[in-house]
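Below is one structure; the comments refer to it alone.
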Amino acid sequence: MKHIKTINKANLSATAKKGGCGKCQASCQSACKTSCTVGNQKCANEENK
Amino acid sequence: MIHKFKAKDICILLDTNSGGVHVIDDVTFDLLDHAEPPFEKECPKNVMDILKENYTEEEIKEAYADILELYDNKLLYSDDVYGDYSKTVVESPIKAMCLHISHDCNLRCKYCFASTGDFGKGRKLMPFEVGKAAIDFLLEKSVGRENLEVDFFGGEPLMNFDVVKQIVEYARSKEEEYHKNFRFTITTNGMLLDDDTIDYINKEMYNVVLSIDGRKEVNDRMRVRVDGSGCYDRILPKFKKLVDGRGDKEYYVRGTYTKYNLDFSEDVMHLYEAGFDEISVEPVIESPEEAYAITEEDLDQIYAEYDKLVDRIGAIRKSGKHINFFHFMIDLDQGPCVIKRLRGCGSGNEYVSITPDGDIYPCHQFVGHDEYKMGNIEEGTFNNDIKKEFAGCHVYSKPACQECWARFYCSGGCNANNFVFNGDIHKAYELSCKIQRKRIECAILMKVLEQLEA
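Line by line, the protein sequences are chains A and B.
Using this note's numbering, read the first sequence as starting at 293 and increasing by one per residue.
Using this note's numbering, read the second sequence as starting at 6 and increasing by one per residue.
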């Protein structure tokens, strides 16, 4: 495409299939403690890499 | 749903439900103001007429065809197929715990949400027996979860450090039997750090959060001792020593910005120049009556500061050096699964806080709000109805999230903020949402810039 460049896998729906394993960190334990960001975490499931 | 924005002369297009991030040109950007599903096969004449003022017919036709291709590939206006997951979400095992090891503090920070350490419940230290019972509770409630997180929090946890060590030793002694891996974190103001505590923290703590606001005058205005004097000169060398001995283990220097330092990019840079490269500086959460509270009128300056940080952090990285700003972290490909993204931090459901008296709350920010007391560790009580309420708190239970493009990045925001400001864990605290959306735009912009420059 000439006018659009997609820069990521755009695979959010695919993550549902192997999702919810719970290996990842609880987001508030990292640094914030007064807010919530989840999108800045990584998936911790080795099988999804 | 889509969201598009321009930054640094780049047009960025997000597709909320697929997570797609696209760089588009001006004609496509403008076309998307006028064209939306259901798409016709050719660009409608009325849209063409509008855009012909600025673009050639050929450009418009090409861009329209690209939009259609993206749409057909389900990368634009893709369906929200996650609502069904939210309907079936059940309670999770509890895997993370915040231990209020000390409801006492040796500082009197003026913005402290914990009422300068005691959470309005009196100055107390957690006895080992309560901590031990909390670990047993976590072991019992974490069926199916291997990685367990325990955060030593306060108040100031170093005021009760012997109990911290006892709890770590006890938890470690149970890891093999229960097939668990404990990850400990400690949040400290640094006042009581010495060589022994630094060595212990660097050995045992998976992560450490070091509280400092940035420049000396900024830090010392809010982070004061009992006699009113600032703590910067005492803590900075200790934090340096700790970080220098930390190796590859995680840490954050973590500051709070208020209306008094709306130029907080200077504080981020100050911390970097002082030798720290893992930095989180975040807005104070306070009701608008307080002079230092962030209010709507501050937003333009706050947005501009985040823009400055994009430039300054980008320049540092271009020079080959490392810096990480917590709220600009984003992984557009290997981020959390969408299931995780539905429910945010997990407070009250997979994460709880324990007070020195053994009272259980959904998180540290709910402590003191008795309607959300979930039970008591030593009494063996636990109100599962509250856990169910939090399990059912997700982006589909929060009306504002339905209209928000950022819902799968922030995952519904902070339930405690929602409760404190709006009296309802499902009712978004819009001021935080606005700041959050700006940070997400900046984080995505930085990723786009990296890719375009690669």
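From the three backbone atoms N, C-alpha and C, an ideal C-beta is built for every residue, glycine too.
From residue i to residue j, what distance separates their C-alpha atoms?
i: L73/B; j: L36/B; result: 12 Å
i: N423/B; j: E455/B; result: 35 Å
i: F44/B; j: D303/B; result: 40 Å
i: W410/B; j: V343/B; result: 14 Å
i: L104/B; j: I359/B; result: 5 Å
i: I365/B; j: N194/B; result: 24 Å
i: G353/B; j: P49/B; result: 51 Å
i: T121/B; j: V28/B; result: 47 Å
i: D375/B; j: K452/B; result: 43 Å
i: V173/B; j: S285/B; result: 26 Å
i: N337/A; j: R113/B; result: 41 Å
i: Y377/B; j: D31/B; result: 50 Å
i: T33/B; j: M6/B; result: 16 Å
i: K13/B; j: R251/B; result: 37 Å
i: K185/B; j: E151/B; result: 5 Å
i: K393/B; j: K297/A; result: 43 Å
i: M102/B; j: V169/B; result: 14 Å
i: Y265/B; j: C117/B; result: 15 Å
i: F333/B; j: N332/A; result: 7 Å
i: I255/B; j: K208/B; result: According to the sequence displayed, residue 255/B carries Glu and not Ile. Roughly 12 Å separates the two Cα atoms.
i: K46/B; j: A68/B; result: 13 Å
i: L81/B; j: M293/A; result: 14 Å
i: V330/A; j: Y175/B; result: 30 Å
i: K357/B; j: K309/A; result: Lys is not the amino acid found at residue 357/B; the sequence shown has Val there. In a straight line, the C-alpha of V357/B is about 27 Å away from that of K309/A.
i: H327/B; j: M274/B; result: 13 Å
i: D316/B; j: R128/B; result: 44 Å
i: N408/B; j: F244/B; result: A small fix is needed here, since residue 408/B is Glu in this sequence, not Asn. Between E408/B and F244/B, the C-alpha separation is close to 42 Å.
i: L56/B; j: D38/B; result: 10 Å
i: K299/A; j: C368/B; result: Here residue 299/A is Ile; the residue named in the question, Lys, does not match the sequence. I299/A and C368/B: Cα-Cα distance of roughly 37 Å.
i: K334/A; j: V223/B; result: 32 Å
i: L143/B; j: A298/B; result: 36 Å
i: I449/B; j: I17/B; result: 9 Å
i: A257/A; j: I206/B; result: Because chain A in this structure spans residues 293 to 341, residue 257/A falls outside the shown range and cannot be described.
i: E384/B; j: E154/B; result: 23 Å
i: S357/A; j: F330/B; result: Outside the displayed span of chain A (293 to 341) sits residue 357/A, for which this structure offers no information.
i: D225/B; j: C236/B; result: 6 Å
i: A405/B; j: F10/B; result: 20 Å
i: F157/B; j: I307/B; result: 31 Å
Count the other CB atoms within 10 Å of the CB of residue i; is the residue buried (16 or more) or exposed (fewer)?
i: N51/B; result: exposed
i: L75/B; result: buried
i: L457/B; result: exposed
i: L320/B; result: It should be pointed out that residue 320/B corresponds to Ala in this sequence rather than to Leu. Its Cβ having fewer than 16 others within 10 Å, A320/B is exposed.
i: G233/B; result: exposed
i: G149/B; result: exposed
i: T307/A; result: buried
i: S178/B; result: exposed
i: P361/B; result: buried
i: N59/B; result: exposed
i: E310/B; result: buried
i: H295/A; result: buried
i: A40/B; result: buried
i: E294/B; result: exposed
i: K100/B; result: buried
i: T300/B; result: exposed
Residue i and residue j look like a contact to me (Cβ under 8 Å); what is the Cβ gap, rounded to whole Å?
i: V248/B; j: F281/B; result: 6 Å
i: M53/B; j: E62/B; result: 7 Å
i: G417/B; j: Y434/B; result: Not quite, the Cβ-Cβ distance comes to about 11 Å (not below 8 Å), so this is no contact.
i: V135/B; j: I318/B; result: The Cβ separation is near 42 Å, so there is no contact.
i: M164/B; j: I191/B; result: Contact doesn't hold; Cβ gap of about 12 Å is too wide.
i: A302/A; j: G24/B; result: 5 Å
i: I240/B; j: I217/B; result: 6 Å
For the ligand SAM, is there a heavy atom less than 7 Å away from the beta-carbon of residue i?
i: F426/B; result: Of the ligands one can find in the structure shown there are none, so the ligand SAM has no counterpart to examine.
- Item | Positions along the segment 43-74 of chain B whose CB lies within less than 7 Å of some CB in chain A | E67, A68, D71 and E74
- Task: Tell me the start and end of each unbroken alpha helix (DSSP H) in the segment 313-370 of chain B that is at least 4 residues and wholly inside, in chain order.
- Result: 343-346
- Task: Let me know the beta strand (DSSP E) ranges lying completely inside the segment 149-204 of chain B, each 3 residues or longer, listed in chain order.
- Result: 152-158 and 186-193
- Considering only residues of the segment 72-141 of chain B, which uninterrupted beta strand (DSSP E) runs meet the minimum length of 3 residues and lie entirely inside it, listed in chain order? 101-105
- Item | Residues of the segment 85-102 of chain B with Cβ closer than 8 Å to any Cβ of chain A, in chain order | V86, Y87, Y90, S97, P98, K100 and A101
- Query: What residue ranges within the segment 239-327 of chain B form continuous alpha helix (DSSP H) runs of no fewer than 4 residues, ordered along the chain?
  - Reply: 270-278 and 304-323
- Item | Minimum length 4: unbroken alpha helix (DSSP H) runs contained in the segment 364-406 of chain B | 389-396
- Using a beta-carbon distance cut-off of less than 7 Å, what residues from the segment 310-336 of chain B approach chain A? F331, H332, M334, I335 and D336
- Cβ-based contacts, 9 Å cut-off: residues of the segment 348-382 of chain B near chain A: From the segment 348-382 of chain B, only R348, G349, C350, G351, S352, E355, Y356, C368, H369 and Q370 have a Cβ closer than 9 Å to chain A.
- Relative to chain A, which residues along the segment 275-301 of chain B have a C-beta separation below 7 Å, given in chain order? Considering only beta carbons, the part of the segment 275-301 of chain B lying closer than 7 Å to chain A consists of S285, E287 and I290, in chain order.
- Message: Any C-beta of chain A within less than 8 Å: which residues of the segment 226-253 of chain B qualify?
- Response: From the segment 226-253 of chain B, no residue has a Cβ closer than 8 Å to chain A.
- Name the residues in the segment 110-140 of chain B whose C-beta lies less than 9 Å from a C-beta of chain A; which are they? From the segment 110-140 of chain B, only F118 have a Cβ closer than 9 Å to chain A.
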